[in-house]
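Residue numbers (the numbering used here): 1 to 218.
Cβ atoms here follow ideal geometry from the backbone N, Cα and C, with glycine treated the same way.
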Amino acid sequence: MKFFIDTANLDQINEAQELGVLDGVTTNPSLMAKEGITGKENILNHYKKICEIVDGDVSAEVVATDFDGIVKEGEELAKLHKQIIVKVPMIKEGVKALKYFSDKGIKTNCTLVFSAGQALLAAKAGATYVSPFLGRLDDISTDGLQLIEDIRLIYDNYGFETEILAASIRHTMHVVNCAKLGADVMTGPLSSIDGLLKHPLTDIGLEKFLQDAKSFNL
Ligand code: G3P
Numbered sequence: 001m002k003f004f005i006d007t008a009n010l011d012q013i014n015e016a017q018e019l020g021v022l023d024g025v026t027t028n029p030s031l032m033a034k035e036g037i038t039g040k041e042n043i044l045n046h047y048k049k050i051c052e053i054v055d056g057d058v059s060a061e062v063v064a065t066d067f068d069g070i071v072k073e074g075e076e077l078a079k080l081h082k083q084i085i086v087k088v089p090m091i092k093e094g095v096k097a098l099k100y101f102s103d104k105g106i107k108t109n110c111t112l113v114f115s116a117g118q119a120l121l122a123a124k125a126g127a128t129y130v131s132p133f134l135g136r137l138d139d140i141s142t143d144g145l146q147l148i149e150d151i152r153l154i155y156d157n158y159g160f161e162t163e164i165l166a167a168s169i170r171h172t173m174h175v176v177n178c179a180k181l182g183a184d185v186m187t188g189p190l191s192s193i194d195g196l197l198k199h200p201l202t203d204i205g206l207e208k209f210l211q212d213a214k215s216f217n218l
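Here is the structure:
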């Protein structure tokens, strides 16, 4: 399972990278805005900075919603760095653009996916990644994990190579449950990765080991 961090915050990306388990980064316009990054040049430079920190894929989202605009923006983003994955919304023009990018060998991440039907369409269009937003489904009393399970079944039935990127992860149990269901990737906040470390028995056990080790007189 690949671990991506869902942020545009360079400190947090660095911290996750230092842990040694980071496989990539996902961003979106809201996350970029949260960091106060504005203006085309600054935004493109920020993507480059992220690519320099991590070795893996970095999703950069288009904001155009028409086919020509998505293609223009996506091609520009893809040229920026070899690690850039063009993030395209699940809309009709987006599906057309996914097919266009796929035919041209440009890697994509289909975002804002909330149903198995949308995920099927994204795979048919040749998306590299599909991003079902499980946390936002949970927020409206719908089972986000069920969607991950349904997409896994459909993709396995037909051997689709599109990777399931479980997005809108909110906590560690989302990560663990997505792993159990066979999601290829998870993207979440730093806390969802750090949380995997924690267990009170580990802390209690370590304290005891260290206390007993004092008798070694090292
Ligand atoms: O990057 C897309 C997705 O992960 C957004 O998550 O927490 O805003 O629902 P969230």
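Rounded to whole angstroms, what is the Cα-Cα separation between residue i and residue j?
i    : j    : result
D25  : Q211 : In the sequence on display, residue 25 carries Val and not Asp. Whole-angstrom Cα-Cα distance: 40 Å.
A167 : S131 : 6 Å
G188 : T7   : 8 Å
D194 : F3   : 12 Å
A179 : S192 : 13 Å
E76  : K214 : 60 Å
K82  : G56  : 10 Å
G20  : A119 : 30 Å
N9   : I84  : 17 Å
For the ligand G3P, any of its heavy atoms closer than 7 Å to the Cβ of residue i?
i    : result
G144 : no
D6   : yes
G135 : yes
T111 : yes
T26  : yes
S191 : no
T187 : yes
A16  : no
A64  : no
S131 : yes
R170 : yes
A33  : no
A167 : yes
Report the CB separation of residue i from residue j in whole angstroms; it is logged as a contact under 8 Å.
i   : j   : result
I53 : Q17 : 6 Å
N60 : T27 : It should be pointed out that residue 60 corresponds to Ala in this sequence rather than to Asn. Sure, about 6 Å apart at Cβ, within 8 Å.
Cβ contact check for the segment 153-162 and the segment 134-141: 3 or more pairs under 8 Å: no
Whole runs of the beta strand (DSSP E) within the segment 174-205, excluding any shorter than 3 residues: 185-188
Cβ contact check for the segment 40-49 and the segment 61-73: 3 or more pairs under 8 Å: no
Cβ contact check for the segment 112-127 and the segment 81-95: 3 or more pairs under 8 Å: yes
Alpha helix (DSSP H) segments (min. 4 residues) lying fully within the segment 64-113: 67-80 and 92-104
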